[in-house]
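Below is one structure, written out as structure tokens, with a few remarks after it.
There are 2 protein chains.
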Amino acid sequence: MGEVREMSNSTTSLRLADVAEAAGVSLATASRSLRGLTGVSDEVAARVRKVAEDMGYVVNTHAQSLAGGATSIAGLIVHQIDDPYFTEIAAGVVHAAEERGLIVQVAHSGRDPQRELRQLRSLAAQRARAIIVAGSGYVDAHLEAEARRLLATYERNGGRAAVIGRHQLGVDALLPDNRGAALAVARHLVELGHTDVTILSGPETLTTVQDRLGGAVQVFAEEGVRHHVVATDFTAAGAGPAAVQALQAWPETTAVLALNDSMAIATLVALRRSGISVPGDVSVAGFDDVAVAELLFPSLTTARLPLAEMGREALDLATRPAASRPRRKTVAAQLMRRESTAPPRSDGPLRVRTASAS
Amino acid sequence: MGEVREMSNSTTSLRLADVAEAAGVSLATASRSLRGLTGVSDEVAARVRKVAEDMGYVVNTHAQSLAGGATSIAGLIVHQIDDPYFTEIAAGVVHAAEERGLIVQVAHSGRDPQRELRQLRSLAAQRARAIIVAGSGYVDAHLEAEARRLLATYERNGGRAAVIGRHQLGVDALLPDNRGAALAVARHLVELGHTDVTILSGPETLTTVQDRLGGAVQVFAEEGVRHHVVATDFTAAGAGPAAVQALQAWPETTAVLALNDSMAIATLVALRRSGISVPGDVSVAGFDDVAVAELLFPSLTTARLPLAEMGREALDLATRPAASRPRRKTVAAQLMRRESTAPPRSDGPLRVRTASAS
DNA sequence: GTGAAAGCGCTAACAA
DNA sequence: TTGTTAGCGCTTTCAC
């Protein structure tokens, strides 16, 4: 007699066994048919497929994976899901994943190392076929150690990982040349004749911040450019007010260099709203070249990183067999000279209107 | 005697049994300890956790899920992953998911109904706990039928689904008031005194396009405003050139109404580059109020939809038990009057410079 | 070409 | 408090 669950309208899904029974074949034959393997007559295979289709059967990937197969999941961990830097990388990853029949799980760490570890564990627990970690690492080697260990175990168990912008994780890495980018942007400002630059920086616990800041400061020091460093949270949120405040504190500023585009854009907008002209009164430059950078008015001078291609390439690395030792590829940045930078005013630096002070 | 796999340096992960053995307890005790269930002495539980930690054990969620548990996966299907409309929704979903300990799988359909079905099947196959489908549906009821059927099966098997902007799917729905949004924006243009409007539209196979277009056309017809409809692909890519071309074809145009912000922004930029002033020569308005809309110069007049909140709310719906019949909630749009719209030139409509013709 | 049966790693009765 | 054991739904030998 039939199954206990026959006629059940409960919460249980159809199993392959149900399909097999309905098609009058064995479990093995049903499995082979549905996966298009050889060793089944075309006739039988077609019938099984039709029955499955008609019944609305959907395979259970967990059973599938447990029984031996690999999953088709790629994991992506980003710092902040709503930051264009990461959405553009994510788009690249998702597109590349799709071409390989992988589906992408997106997790975000909010720049919290502990949460990042949790996400990593979760992806490992799901036996994701590939894991990509994007975004700056932490200067504190201690914080990186546990992630490194997790990834090592993960790869030892057959997983593959690639990182974007993380140096210490012991897996294939795509490394944006943050220092080189900073050199290029800083030199650009120097060449324009700027002599007083405010740098909008982020937490120096992040390697990206260190690299970019280091490069910029080096150039300014060498060239005798006076500069102030203002620490913010590395996001758009705090950058606008910070920029306006900095211009009040150091009215001799002729240019603002934000260490990422989100902050640069926030600065652009904040200055506009304060009646400060860019680049007339003050020049503004950023890093990354997110998509909107060139759409703004004035369009943003920035050091371009090919974000979507980086995402694509990271997935590429992570779906290729591991090399004998981790691959490391440096990604060059390209200076995009646009409208937001120009020579400083010939009649001296801007004096911020005190009217806009709080 | 030990296990065959002991000392193995192969590709096989540690199993719970390995941990149990190492800790000198049974499988059940190990399982209980690791999941923090009661019925284990604190001492034993702590020891097991430590052993697992030291060994680098990571649970296999597939085995876990097969054995009875629910997954902690939420699926999100969007049309286009790199469109800000969807990234903002995605951010809302991811944040809300995180609060519930869910991880989000993002799939994108590229506005291809077939691919959407594949993604839906994949999510169902993974026994995702919740599925969210975001983005316009298809006017052709036939195309919606299969998705509807899949979702019905999925929910019958214990899954939960919610959709954003899809009317026909038979599950909980968040429905942006696209028609109302169009009425508001169109009326705004009428009130400003515009008499000749070019509408940048999308494929009329999409319900969102139909709703927005219908609303706008109704207002213009009622108010005696002349209007042309230009069909594009509903993305930024085609909108810029289309807008410029339209202004050449219909030089009496005093305002461009794009049916989404991506197109409106592309229009803004294209006009600027063609030397056409906004709103001086031509007004521009859009739909959605993506984050950059207010950062542009001129800032964009648009009908605001609370995208991130919609994502959050959709996940909310999809993690709540199903109601006896699908919930439907209309989301109101709010007109954001900004700088890109103004009364038409008093000295008559713009005559496009023929110099910018190809 | 097809079928029977042994796992995959875990959870959840049920026993002790 | 702890242990034993029967599945969960599938893939995959190994027989036939």
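As they're listed, the protein sequences go chains U and C. Heads up: the first sequence is residues 1 to 358, going by UniProt numbering. Heads up: the second sequence is residues 1 to 358, going by UniProt numbering. C-beta atoms are modelled at their ideal positions from N, C-alpha and C, and glycine is treated no differently. For clarity, every value in this text was computed on a predicted model and none was experimentally measured.
Q) Cα separation between C:Val-284 and C:Asp-211? A) As a working mapping, residue 284 of chain C is identified with position 284 in the second sequence. As a working mapping, residue 211 of chain C is identified with position 211 in the second sequence. Just so you know, the alpha carbons of C:Val-284 and C:Asp-211 end up roughly 19 Å apart.
Q: May I ask you to report which of helix, strand or coil DSSP gives U:His-188?
A: The sequence position of residue 188 of chain U within the first sequence is 188, counting from 1. Helix at U:His-188.
Q.
Suppose only complete runs of 4+ residues qualify. What are the alpha helix (DSSP H) ranges in the segment 3-67 of chain U, listed by chain order?
A. 16-23, 27-34, 42-55, 61-66
**Q.** C:Ser-13 at chain U interface by Cβ criterion, 8 Å
**A.** Here residue 13 of chain C refers to the residue found at position 13 of the second sequence. Yes, C:Ser-13 counts as interfacial toward chain U.
Q) Using 8 Å as the threshold, is the segment 41-56 of chain C in touch with the segment 272-280 of chain C, meaning 3 or more CB pairs across them? A) no
**Q.** Contacts that C:Leu-66 makes with chain U (C-beta to C-beta distance below 7 Å)
**A.** On the second sequence, residue 66 of chain C is found 66 positions in, with the first residue counted as 1. Those are His-62, Ala-63, Leu-66, listed as they occur along chain U.
Q | Check whether U:Tyr-138 and U:Pro-113 have beta carbons under 8 Å apart | A | One-based indexing of the first sequence puts residue 138 of chain U at position 138. One-based indexing of the first sequence puts residue 113 of chain U at position 113. Yes, Cβ-Cβ distance for U:Tyr-138 and U:Pro-113 is below 8 Å.
Q. Roughly how many angstroms separate the alpha carbons of C:Val-352 and C:Arg-272, rounded to a whole number?
A. Within the second sequence, the letter at position 352 stands for residue 352 of chain C. Within the second sequence, the letter at position 272 stands for residue 272 of chain C. The pLDDT assigned to C:Val-352 is 49, lower than 50, so where the model puts this residue is not dependable, and the model offers no usable value.
(Q) When you compare the segment 303-313 of chain C with the segment 167-186 of chain C, are there three or more beta-carbon pairs, one atom per stretch, that lie closer than 8 Å? (A) yes
Q. What does DSSP give as the partner residues of U:Leu-174 in its beta bridges?
A. Residue numbering aside, residue 174 of chain U sits at position 174 when the first sequence is read from its first letter. DSSP lists U:Ile-164, U:Lys-329 as partners of U:Leu-174.
Q: Please decide whether U:Ile-131 counts as near chain C, where near means a Cβ-Cβ distance under 8 Å.
A: Translated into the one-based positions of the first sequence, residue 131 of chain U becomes position 131. Taking 8 Å as the CB threshold, U:Ile-131 stays off the interface with chain C.
Q. Within 7 Å: the Cβ of C:Gly-280 and any heavy atom of the ligand SAM?
A. The ligand SAM is absent from the structure shown, which contains no ligands of any kind.
Q: Determine the DSSP secondary structure at U:Val-133, reduced to helix, strand or coil.
A: Here residue 133 of chain U refers to the residue found at position 133 when the first sequence is read from its first residue. Strand.
Q: Determine the direct distance from the alpha carbon of U:Gly-69 to that of U:Ser-41, and round the result to whole angstroms.
A: Against the first sequence, residue 41 of chain U aligns to sequence position 41. Against the first sequence, residue 69 of chain U aligns to sequence position 69. Answer to the nearest angstrom: the Cα atoms are 24 Å apart.
Q.
Quick check on DSSP: helix, strand or coil for U:Ala-303?
A. Here residue 303 of chain U corresponds to residue number 303 of the first sequence, with the count starting at 1. U:Ala-303 falls in the strand class under three-state DSSP.
**Q.** Assumed close pair C:Gly-311, C:Ile-89 - CB separation to whole angstroms, cut-off 8 Å
**A.** One-based indexing of the second sequence puts residue 311 of chain C at position 311. One-based indexing of the second sequence puts residue 89 of chain C at position 89. Going by Cβ atoms, the distance from C:Gly-311 to C:Ile-89 rounds to 4 Å, so yes, they are a contact pair.
Q: With DSSP as the reference, label U:Ser-109 as helix, strand or coil.
A: Walking along the first sequence from the start, residue 109 of chain U turns up at place 109. U:Ser-109: coil per DSSP, three-state reduction.
Q.
I want to verify the contact list: residues of chain C whose CB lies under 8 Å from the CB of residue 367 of chain U, in sequence order.
A. Here chain U comprises residues numbered 1 to 358, so residue 367 of chain U is not present and cannot be evaluated.
Q: Under 7 Å Cβ to Cβ from U:Arg-115, same chain only, skipping five residues before and after it: list those, please.
A: Taking the first residue of the first sequence as 1, we reach residue 115 of chain U at position 115. Cβ within range, chain order: Ser-109.
Q. Is any beta-carbon of chain C found at less than 8 Å from that of U:Thr-267?
A. Along the first sequence, read from residue 1 onward, the residue named residue 267 of chain U stands at position 267. False, the Cβ-Cβ gap to chain C never drops below 8 Å.
Q. Buried or exposed: which applies to C:Thr-12, given that a residue is buried once 16 or more other Cβ atoms fall within 10 Å of its Cβ?
A. Taking the first residue of the second sequence as position 1, residue 12 of chain C is located at position 12. Under this definition C:Thr-12 is an exposed residue.
Q: Please confirm if C:Leu-295 has its CB atom under 8 Å from at least one CB of chain U.
A: For the purposes of this step, residue 295 of chain C is taken as residue 295 along the second sequence, with counting starting at 1. Answer yes: the Cβ-Cβ gap between C:Leu-295 and chain U drops below 8 Å somewhere.
Q) Just how far apart, CA to CA, sit C:Ala-355 and C:Thr-235? A) Taking the first residue of the second sequence as position 1, residue 355 of chain C is located at position 355. Taking the first residue of the second sequence as position 1, residue 235 of chain C is located at position 235. Its pLDDT being 40, under 50, C:Ala-355 is placed unreliably by the model, and the measurement read from it follows with that caveat. Approximately 27 Å, taken between the alpha carbons.
Q: Return the residue from the list U:Pro-326, U:Phe-297, U:Arg-111 that minimises the CA-CA distance to U:Arg-338.
A: Here the question's residue 338 of chain U lines up with position 338 in the first sequence. The shortest C-alpha separation from U:Arg-338 is found at U:Phe-297.
Q: Kindly say whether U:Thr-235, judged by its beta-carbon, lies nearer than 8 Å to any beta-carbon of chain C.
A: Taking the first residue of the first sequence as position 1, residue 235 of chain U is located at position 235. It does not; no Cβ of chain C falls within 8 Å.
Q: Output the distance between the C-alpha atoms of residue 380 of chain C and C:Leu-259, rounded to the nearest integer angstrom.
A: Here chain C has residues from 1 to 358 only, and residue 380 of chain C is not among them.
Q) Using a C-beta to C-beta distance shorter than 8 Å, which residues of chain C count as neighbours of U:Glu-88? A) Position 88 of the first sequence, counted from the first residue, corresponds to residue 88 of chain U. By Cβ distance, chain C contributes Asp-82.
Q | Rounded Cβ spacing between C:Leu-315 and C:Ala-130 (contact assumed at less than 8 Å) | A | For the purposes of this step, residue 315 of chain C is taken as the residue at position 315 of the second sequence. For the purposes of this step, residue 130 of chain C is taken as the residue at position 130 of the second sequence. Right, their Cβ atoms sit about 7 Å apart.
Q | Cβ separation of C:Ala-97 and C:Ile-103, assumed to be a contact under 8 Å, to the nearest whole Å | A | In the second sequence, counting from the first residue as 1, residue 97 of chain C sits at position 97. In the second sequence, counting from the first residue as 1, residue 103 of chain C sits at position 103. Contact flag correct, Cβ pair sits at about 7 Å.
**Q.** Closest residue to C:Arg-49 among C:Ala-20, C:Leu-66, C:His-142, C:Ala-91 (Cα-Cα distance)
**A.** Counting from 1 along the second sequence, the entry for residue 49 of chain C is found at position 49. Closest option to C:Arg-49, Cα to Cα, is C:Ala-20.
Q.
According to DSSP, U:Val-226 sits in a beta bridge with which residue or residues?
A. Mapped onto the first sequence, residue 226 of chain U falls at position 226. Note on residue identity: the sequence assigns Arg, not Val, to residue 226 of chain U. Bridge partners of U:Arg-226: U:Asp-196.
**Q.** Reduced DSSP category for C:Gln-80 - H, G, I as helix; E, B as strand; rest coil
**A.** Along the second sequence, read from residue 1 onward, the residue named residue 80 of chain C stands at position 80. Looking at C:Gln-80 - three-state DSSP - the assignment turns out to be coil, as it is neither helix nor strand.
**Q.** Test: C:Val-94 CB closer than 8 Å to a CB of chain U
**A.** Looking up residue 94 of chain C in the second sequence gives position 94. With a threshold of 8 Å between beta carbons, C:Val-94 makes contact with chain U.
Q: Helix, strand or coil for C:Val-256, going by three-state DSSP, please let me know.
A: Numbered from 1 along the second sequence, position 256 holds the residue referred to as residue 256 of chain C. In the three-state DSSP reduction, C:Val-256 falls in the strand class (E or B).
Q. Helix, strand or coil: which one does DSSP assign to C:Gln-119?
A. On the second sequence, position 119 is the one that residue 119 of chain C refers to. Three-state result, C:Gln-119: helix.
Q: Please list the residues of the segment 113-124 of chain C that have a C-beta atom closer than 9 Å to any C-beta atom in chain U, keeping them in chain order.
A: Arg-115, Gln-119, Arg-121, Ser-122, Leu-123, Ala-124
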